[in-house]
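This note's numbering puts the first residue of the sequence shown at 14, with every later residue one more than the last.
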Amino acid sequence: MIGNSKKDLSLFEFQKKFKTERDCLEHLVLAKWGDGFKCKKCSHDHFCKGIKELDRQCSKCNYIESPTAGTLFHRVKFPLLKAFYIIYFVSTNKKGITSTELSRKLDLKQKVCWLFKRKVMKAMQSSGTFLLEGVVEVDETFVGGSDENSRGRKKGTKKLVVVAIEKKKKGVSRFYAKVIEHADALSLGGFMRDNIYDKAEITTDQWTGYQPLDKEFENMTHMKSGKKGENFPELHRVIMNFKSWLRGMHHHVKDLQEYINEYTYRFNRSFMKGNIFDNLMNRMINTEPYTYKSIIS
Ligand SMILES: [Zn+2]
14 MIGNSKKDLS LFEFQKKFKT ERDCLEHLVL AKWGDGFKCK KCSHDHFCKG IKELDRQCSK
74 CNYIESPTAG TLFHRVKFPL LKAFYIIYFV STNKKGITST ELSRKLDLKQ KVCWLFKRKV
134 MKAMQSSGTF LLEGVVEVDE TFVGGSDENS RGRKKGTKKL VVVAIEKKKK GVSRFYAKVI
194 EHADALSLGG FMRDNIYDKA EITTDQWTGY QPLDKEFENM THMKSGKKGE NFPELHRVIM
254 NFKSWLRGMH HHVKDLQEYI NEYTYRFNRS FMKGNIFDNL MNRMINTEPY TYKSIIS
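Put into structure tokens, the structure is as follows:
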């Protein structure tokens, strides 16, 4: 892992560090092979130069690996420096950045920015390592995407989302959310197992979907339902803020879960090692390629 400072990289520092394509490639080389080279095909640890300058060729099986291979930068069709800028803006802008804004700033087509940003969002997916603990609340909500506020909206376009928050003092320290098909014990339990420590003090409402999970989550209580949002004011504030952020995303929301991943990633940043730019960069390098084909299908 590169970078240990918790402090955010300023735009000035970023620009000093990354001036050329070569700077970006060298960053990838250091992140991938800083601890030593190991051939992907045969695990041999000696290499010679490949055809392109920073490529490495295994001296046993001759397999050539580029610095971008096996990362989310694989086959990026525009300058790597611009891709690094996208990661910088997405990670450091408090509210994120739309593909339209990225397009204006970086002189790239909006569609190109949108597609690459989808890859970045993939890297923002929760690692599932840091389960919510202590005082936790769980509830579901409907998220309606672009027609959120319009009258006569079709119910069919709304998505059901289960949300869990971890409370610290009067605030919310972290939260996770997931798009689910049904609010049944199977879906709710799956989400809770993946995101909440089983000894946490969990509060839900009295919805039947939560009841069968009492055995697994022994400190769970079910509160009588009040008016909408009355029971869980902090949780509903988090949901409201998320929805208003989502409405500002201009472009139609194709995959709601990825927007949830992006939002919660920034929200939960206190649990990251190093600064947020280094963290996201390391995730980009350690996440297997995600093809455009799979994004647009
Ligand atoms: Zn080899």
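Glycine included, each C-beta is placed from N, C-alpha and C at the ideal position.
Residues that DSSP places opposite residue i in a beta bridge
i	result
Ile-318	Beyond the ends of the chain as shown, which are 14 and 310, falls residue 318; an answer cannot be given.
Tyr-189	Ala-177
Met-236	Asp-218
Thr-154	Val-174
Cys-61	Gln-70
Gly-184	Lys-181
Buried versus exposed, by CB contacts within 10 Å (16 or more), residue i
i	result
Ser-238	exposed
Asp-291	buried
Thr-216	buried
Met-253	exposed
Asn-75	exposed
Ile-64	exposed
Asp-152	buried
Lys-212	exposed
Asp-160	Note that Asp-160 scores a pLDDT of 49, beneath 50, so its modelled location is shaky and nothing firm can be said.
Asn-208	buried
Asn-106	exposed
Ser-23	exposed
Ser-56	exposed
Cys-37	buried
Pro-225	exposed
Arg-131	buried
Cys-52	buried
Cys-61	exposed
Any non-hydrogen atom of ligand 1 closer than 7 Å to residue i Cβ
i	result
Cys-61	no
> Residues near ligand 1, CB to any non-hydrogen atom under 6 Å, in chain order?
Replying inline: Here the list is Cys-52, Lys-54, Cys-55, His-57, Cys-71, Lys-73, Cys-74, Tyr-76.
> Enumerated in chain order, which unbroken segments of the alpha helix (DSSP H) with a length of 4 residues or greater are wholly contained in the segment 71-150?
Replying inline: DSSP runs (the alpha helix (DSSP H)) wholly in the segment 71-150: 93-105, 112-119, 123-136.
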